[in-house]
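Numbering (my numbering), first residue to last: 400 to 709.
Here is the structure we will look at, set down as structure tokens.
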Amino acid sequence: MAYIDYYKVLGVDKNASENDIKKAYRKLARKYHPDLNPGNKEAEKKFKEINEANEVLSNPENRKKYDQYGEHWKHADEIEKQKAQQRQYQNAYGTNAEGFDFSGFGGFGGSGYDETDFSDFFQSMFGGGFSQRTSGKRNIKFKGQDIQARLQLSLKDVYTTQKHTINVNGKKIRINIPAGVKDGQTIRIKGMGGKGINGGPNGDLYITFSIIDEPKFKRVGNDLYTQTDIDLTTAVLGGDVMVNTMNGKVKLKVKPGTQCGTKVRLKGKGFPIYKQEGKYGDLYVTFNVKIPENVSGKQKELFEQLAKIK
């Protein structure tokens, strides 16, 4: 697996705060979003790299593993689990029992340890040699390997509860994703990981979500933010304007004398709250007053009269 500097991908320092990482990701995600760069393969590639970097660095646990293990961060749990199983094995059969020395696996950053070494290591742990050494002795039950997976969805995808099919190690798994799942959130599906050893329980499947904002909406917690244009006449005299929400358009009243940048709140029109059926955040709408660029002679005359009255 080639090493990718996720900090460099997002353009942040290694000591960057969670907020700095979030801001950098949102800025780049909007810049390289496929909807804004149709047919641009380079932007599409960059967009995938940005999401991969955000998946790791926005999750404190994943970031800690990445800082310790580098490109091998996804295997951190497996290595730690094998260390624990080795200790369990030695406790059962004595410290002199035939086994493996884990002292050299303190970290992978810059160690030159590659994927082949990693495969050989697990083959030695679970290959035929392991079963031969334990034959004739009481079997120890080991939990199967936990599996980490990532699922990228749009904001619209998680606005309602939906079923999705994911492919994990060649096996199709159909899961029900509750509305309101957040970017970077990880859910556990019990028993859907690796098969248990010696009759032990199966491992679990952990799915981390990467949620992409819609071009017209920005999500902050359970609230949504959007902008809408109004013409100068409506801003001055007041009126009605149709505003986009995640589930359709609504009519919004504009007060006379509305200034550019005015923000109004639509209660309960935001994002569904995770696992709280029927509850939603709020939608905040910012008005952009559009100044006419090309005015007719009559319109110019009326503006001049208005200026004199003022």
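Yeah, the Cβ is synthetic: ideal placement off N, Cα and C, and Gly gets one too.
Residue i versus residue j: straight-line alpha-carbon distance, rounded
i	j	result
G435	A428	The sequence given here places Leu at residue 435; Gly does not occur at that position. Cα-Cα distance, rounded: 10 Å.
L705	M645	40 Å
G599	L651	59 Å
E692	V635	17 Å
K542	R425	38 Å
G590	W472	22 Å
K617	I596	46 Å
G506	Q467	In this predicted model, G506 has a pLDDT of only 42, less than 50, meaning its place in the structure is not dependable; the value taken from the coordinates is given anyway. Approximately 6 Å between the Cα atoms of the pair.
I539	Q547	25 Å
K707	G638	25 Å
T607	T633	45 Å
K592	V567	For clarity, residue 592 is Gly in the given sequence; the question names Lys instead. For G592 and V567, the distance between alpha carbons rounds to 9 Å.
S457	V649	34 Å
T685	L631	15 Å
K440	V653	42 Å
R549	N461	12 Å
N643	K674	25 Å
S518	A475	Because the pLDDT of S518 is 43, which lies under 50, any placement of that residue in the model is unreliable, and the number read from its coordinates should be weighed accordingly. So the two alpha carbons sit approximately 14 Å from each other.
T729	K413	In the structure displayed, the chain extends from 400 to 709; residue 729 sits before or after that span and is not available.
Y624	M641	15 Å
K662	P459	33 Å
I574	G602	17 Å
L682	K570	39 Å
I678	T564	Checking the sequence, you will find Lys at residue 678 rather than Ile. C-alpha separation (whole angstroms): 26 Å.
K421	G696	49 Å
E700	K562	60 Å
L604	E477	13 Å
E443	N450	11 Å
A394	Y465	With the chain represented from 400 up to 709, any question about residue 394 goes unanswered, as that position is not in the structure.
D622	L665	10 Å
I576	I588	11 Å
Residue i burial status per 10 Å Cβ neighbour count (16 or more: buried)
i	result
S553	exposed
S609	buried
V694	exposed
I690	exposed
K594	exposed
V455	buried
N418	exposed
Local conformation of residue i per DSSP, three classes
i	result
G469	helix
Y683	strand
I606	strand
H563	strand
K654	coil
L550	strand
R537	No answer about R537 holds up, because its pLDDT of 49 lies below 50 and its placement is not dependable.
P671	strand
V694	coil
L409	helix
L631	helix
K615	coil
Y624	strand
K464	helix
L456	helix
N414	coil
K571	strand
For residue i, the nearest candidate out of the options (CA to CA)
i	options	result
K430	H471, E454 and P614	P614
A423	G438, Y406 and P437	Y406
D582	K571, D603 and Y558	Y558
A415	N453, Q561 and K444	N453
V688	R664, K697, E470 and C659	C659
P671	K464, Y465 and K555	K555
K445	D419, V408, D603 and Y605	V408
G579	G669, K662 and K594	G669
G680	I611, I403 and V619	V619
Q544	I572, E479 and P577	E479
Interface flag, residue i vs chain E, CB-CB below 7 Å
i	result
P433	The displayed structure is made up of one protein chain only, and chain E is not part of it.
Problem - Whole runs of the beta strand (DSSP E) within the stretch 573 to 603, excluding any shorter than 3 residues - result: 585 to 588
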